[in-house]
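Student: Residue numbers (my numbering), protein chains in the order written: chain A, 1 to 307; chain B, 1001 to 1307.
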């Protein structure tokens, strides 16, 4: 039940209304690995890092069953660096710095040892690189999940549309769903996106939860109302990691199991925002995860007996 | 199992990105009555109308079990009139015209025939008028639910705070909860509001659903993702009417039954936005309501079996 995860491993510097960090570890594949490795081993990582990436993080991930054979290490360049400032609502942010560094020459290669993986998580990356990974696989995974962002819709829409024909599940947020389809109604946007290729669509709405669309079914997973959202960085990737981890663990790609996977992803994301960067994910226990999932059950369950 | 409902009966002129109406019937108590009368009879209305209000609407409400003894009819003045324009997101709107007309002299009186009602719905009105109704009741209702708005927080906060000590359930939207408490986090805002008096708090989040807070419990009711939100006018009042109608019908004021009542309210609100004004509510069948409630069950139910 192996899972290949492709994405960035990076440094972030983050400002929120509640605090500020200098360079801490980040990157989509880092968050996916921390979340998914609670549910499935191995997580087979494909990424690129520079000479400055923390060995202690690599060791920690290895201990958690994350394989790093597909992580290219560039000796004489720094890792990808992103810096941003969140607004009060935590749903919007300004990018302050984007230093591509090693990411400018990322040429993802699937190690022979990863071939045959059942599940593929394509983190947010240039669409051509995401496709390059799919093209290298000798056997099509049972489920391909892809994340993307508005930036690629602006500059690489044709490539993105090609990918949409190759994947099973697309992960976007509400504004990205609207941009991709020119539809304001998320229901209409979802219908158009499902016509573009993916059989499943997850629309993330931050503090307002997430929607799963499939054929003419829809599922609404709430977000847990939190006292404080300390730092939303990585929450979307952590959601993806929890979702994918549950799917890979159960090997069940039915709509019903995806609902459960979304709840698991939402639970993982709710931890992520409690501290800066992946700090909260690094200290999580299995018992805490189960308790948080139960919080989601309590949050939405109700009895109907109208007659 | 009678329910007193206090609020406006009015005319609205509405512009949305999807269309425009001239003067159609509206007002908080009108929407509450249309929604609640599906579940409970009588609905005992307290309001004020001018010489221009449609007799056909009054007849229709009467047929539905709405008592109008508490509705004052002013012979030589027009009814309250509001006109507004919604933005694309349908969560924000600009008020174009507010003509108080008869509402300027509203002096709500509880008819003797309404005394002993078990449930009281205080629609959005000047806090002093809401209190005046409570003060006239010879027997305290089993449950008092109050709606309000940011306008009263701006100009009558002291009166509003007095009311909060007298009621059981407060209904506000997310921005009003924030304004009332100076807290951005809805969880923190909820805790402060529960300290101000009400034992239950419902925070409406429009297309993002609604939250119910009680002690340290929280329930998240989603909104049904809709293809089109045609006109959100009255959706909050319709929600209140469905909520209150279910509570009054079941006479059960437990937290668990309030969850169900919120789902019923959400279902009613999802109908309201499908047409201009109360048009969709006027044509609803019992079967449609039950089907819509079932849609909410399908929307949120999931199985958890993590082990």
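Backbone N, C-alpha and C fix where the C-beta goes; we use that ideal spot for every residue, glycine too. Note that the structure is predicted; figures quoted are calculated from it, not measured.
Residue 46 of chain A and residue 70 of chain A: beta carbons closer than 7 Å?
Tutor: Within the first chain, the letter at position 46 stands for residue 46 of chain A. Within the first chain, the letter at position 70 stands for residue 70 of chain A. Contact: yes.
Student: Bridge partners for residue 48 of chain A per DSSP, in chain order?
Tutor: The count along the first chain starts at 1 and reaches residue 48 of chain A at position 48. Beta-bridge pairing links residue 48 of chain A to A:72.
Student: Looking only at its own chain, which residues have a Cβ that is under 6 Å from the Cβ of residue 1237 of chain B, when we skip the five neighbours before and after it?
Tutor: On the second chain, residue 1237 of chain B is found 237 positions in, with the first residue counted as 1. 1028, 1031, 1032.
Student: May I ask you to list, following chain order, the residues of the segment 217-232 of chain A that have a beta carbon less than 7 Å from some beta carbon of chain B?
Tutor: 218, 219, 220, 222, 225, 226, 227, 228
Student: Quick check: the Cα distance between residue 1154 of chain B and residue 1273 of chain B, rounded to an integer number of angstroms?
Tutor: The count along the second chain starts at 1 and reaches residue 1154 of chain B at position 154. The count along the second chain starts at 1 and reaches residue 1273 of chain B at position 273. Each residue's Cα considered, the two are about 28 Å apart.
Student: Let me know the secondary structure DSSP gives residue 1015 of chain B once reduced to three states.
Tutor: Walking along the second chain from the start, residue 1015 of chain B turns up at place 15. Looking at residue 1015 of chain B - three-state DSSP - the assignment turns out to be strand.
Student: Quick test of your reading: residue 121 of chain A and residue 164 of chain A, contact by CB under 8 Å. State the CB separation rounded to the nearest angstrom.
Tutor: The residue you call residue 121 of chain A lines up with position 121 of the first chain. The residue you call residue 164 of chain A lines up with position 164 of the first chain. About 16 Å separates the two Cβ atoms, so there is no contact after all.
Student: Roughly how many angstroms lie between the CA atoms of residue 1157 of chain B and residue 1217 of chain B, to the nearest whole one?
Tutor: Taking the first residue of the second chain as position 1, residue 1157 of chain B is located at position 157. Taking the first residue of the second chain as position 1, residue 1217 of chain B is located at position 217. So the alpha carbons of these two residues sit roughly 27 Å apart.
Student: Can you tell me whether residue 1267 of chain B is buried or exposed, with buried defined as 16 or more other CB within 10 angstroms of its CB?
Tutor: The sequence position of residue 1267 of chain B within the second chain is 267, counting from 1. Residue 1267 of chain B is buried by the Cβ-count criterion.
Student: Once you ignore the five residues that flank residue 1255 of chain B on each side, which residues in its own chain have a CB closer than 7 Å to its CB?
Tutor: Your numbering for residue 1255 of chain B matches position 255 in the second chain. Cβ neighbours of residue 1255 of chain B beyond the five flanking positions: 1214, 1217.
Student: To the nearest angstrom, how far is it from the Cα of residue 1206 of chain B to the Cα of residue 1139 of chain B?
Tutor: Position 206 of the second chain, counted from the start, is the residue given in the question as residue 1206 of chain B. Position 139 of the second chain, counted from the start, is the residue given in the question as residue 1139 of chain B. Approximately 34 Å between the Cα atoms of the pair.
Student: Can you find a C-beta in chain B that's less than 7 Å from the C-beta of residue 171 of chain A?
Tutor: Against the first chain, residue 171 of chain A aligns to sequence position 171. So no, residue 171 of chain A is outside the interface.
Student: State yes or no: is the beta carbon of residue 1193 of chain B nearer than 7 Å to at least one beta carbon in chain A?
Tutor: Against the second chain, residue 1193 of chain B aligns to sequence position 193. Chain A, which has no Cβ nearer than 7 Å to the Cβ of residue 1193 of chain B, makes this no.
Student: Do we get a CB-CB distance below 7 Å when we pair residue 214 of chain A with the residues of chain B?
Tutor: Numbered from its first residue, the first chain carries residue 214 of chain A at position 214. Residue 214 of chain A does not count as touching chain B.
Student: Please name the residue in A:34, A:262, A:244 whose C-alpha comes closest to that of residue 209 of chain A.
Tutor: Translated into positions along the first chain, residue 209 of chain A becomes position 209. The candidate whose alpha carbon is nearest that of residue 209 of chain A is A:262.
Student: In three-state DSSP terms, what is residue 132 of chain A?
Tutor: Counting from one through the first chain, the residue named residue 132 of chain A turns up at place 132. In this structure, residue 132 of chain A counts as helix in the three-state DSSP scheme.
Student: When DSSP labels each residue in this structure, what does residue 139 of chain A get in the three-state scheme?
Tutor: Translated into the one-based positions of the first chain, residue 139 of chain A becomes position 139. Residue state, collapsed to three classes: coil.
Student: Alpha carbon to alpha carbon, how far is residue 1260 of chain B from residue 1287 of chain B? Give it in angstroms, no decimals.
Tutor: Sequence index remark: in the second chain, residue 1287 of chain B carries index 287 (1-based). Sequence index remark: in the second chain, residue 1260 of chain B carries index 260 (1-based). Approximately 18 Å between the Cα atoms of the pair.
Student: Based on Cα-Cα distance, which residue from B:1026, B:1203, B:1220 lies nearest to residue 1061 of chain B?
Tutor: Reading the second chain from its first residue, position 61 is the one you call residue 1061 of chain B. The shortest C-alpha separation from residue 1061 of chain B is found at B:1026.
Student: Are three or more beta carbon pairs between the segment 275-286 of chain A and the segment 69-87 of chain A nearer than 8 Å?
Tutor: no
Student: For residue 1113 of chain B, does the count of other Cβ atoms within 10 angstroms reach 16, so buried, or fall short, so exposed?
Tutor: Mapped onto the second chain, residue 1113 of chain B falls at position 113. With fewer than 16 other Cβ atoms within 10 Å, it is exposed.
Student: How about residue 1225 of chain B and residue 58 of chain A: do their beta carbons lie closer than 7 Å?
Tutor: The residue labelled residue 1225 of chain B in the question sits at position 225 within the second chain. The residue labelled residue 58 of chain A in the question sits at position 58 within the first chain. No, they are not a contact pair.
Student: What is the DSSP secondary structure of residue 4 of chain A, reduced to helix, strand or coil?
Tutor: As a first step, residue 4 of chain A is located in the first chain; it is residue number 4 there, counting from the start. The answer is strand: DSSP assigns residue 4 of chain A an E or B state.
Student: CA-CA distance, residue 1145 of chain B and residue 1230 of chain B?
Tutor: Stepping through the second chain from its first residue, residue 1145 of chain B is reached at position 145. Stepping through the second chain from its first residue, residue 1230 of chain B is reached at position 230. C-alpha separation (whole angstroms): 28 Å.
Student: Against chain A, does residue 1087 of chain B count as a neighbour if the rule is that its beta carbon must be under 7 Å from one of theirs?
Tutor: What you label residue 1087 of chain B is simply residue 87 of the second chain in a count that begins at 1. Not closer than 7 Å to any Cβ of chain A, the Cβ of residue 1087 of chain B fails to qualify, so no.
Student: Out of B:1119, B:1102, B:1019, B:1085, which one is the CA nearest neighbour of residue 1095 of chain B?
Tutor: The residue given as residue 1095 of chain B occupies position 95 in the second chain. Minimum Cα distance to residue 1095 of chain B is reached at B:1085.
Student: DSSP on residue 1085 of chain B, reduced to helix/strand/coil?
Tutor: For the purposes of this step, residue 1085 of chain B is taken as residue 85 along the second chain, with counting starting at 1. Of the three classes helix, strand and coil, the one that applies to residue 1085 of chain B here is strand, per DSSP.
Student: How many Å lie between residue 242 of chain A and residue 1055 of chain B at the Cα?
Tutor: If you number the first chain from 1, residue 242 of chain A lands on position 242. If you number the second chain from 1, residue 1055 of chain B lands on position 55. Distance between the alpha carbons of residue 242 of chain A and residue 1055 of chain B is about 58 Å.
Student: Helix, strand or coil for residue 279 of chain A? Go by DSSP, reduced to three states.
Tutor: Numbered from 1 along the first chain, position 279 holds the residue referred to as residue 279 of chain A. Correct three-state label for residue 279 of chain A: helix.
Student: Count the other CB atoms, across all protein chains shown, that sit within 10 Å of the CB of residue 246 of chain A; report buried if there are 16 or more and exposed otherwise.
Tutor: Translated into positions along the first chain, residue 246 of chain A becomes position 246. So residue 246 of chain A ends up on the buried side.
Student: Is it the case that the Cβ atoms of residue 1150 of chain B and residue 1179 of chain B are separated by a distance below 7 Å?
Tutor: In the second chain, residue 1150 of chain B corresponds to position 150, counting from 1. In the second chain, residue 1179 of chain B corresponds to position 179, counting from 1. With contacts defined as CB atoms closer than 7 Å, residue 1150 of chain B and residue 1179 of chain B qualify as a contacting pair.
Student: Please list, in chain order, the chain B residues whose beta carbon lies closer than 7 Å to that of residue 71 of chain A.
Tutor: Start at 1 with the first residue of the first chain, and residue 71 of chain A comes out as number 71. The premise fails here: residue 71 of chain A is roughly 29 Å from chain B at the closest Cβ pair, so nothing lies under 7 Å.
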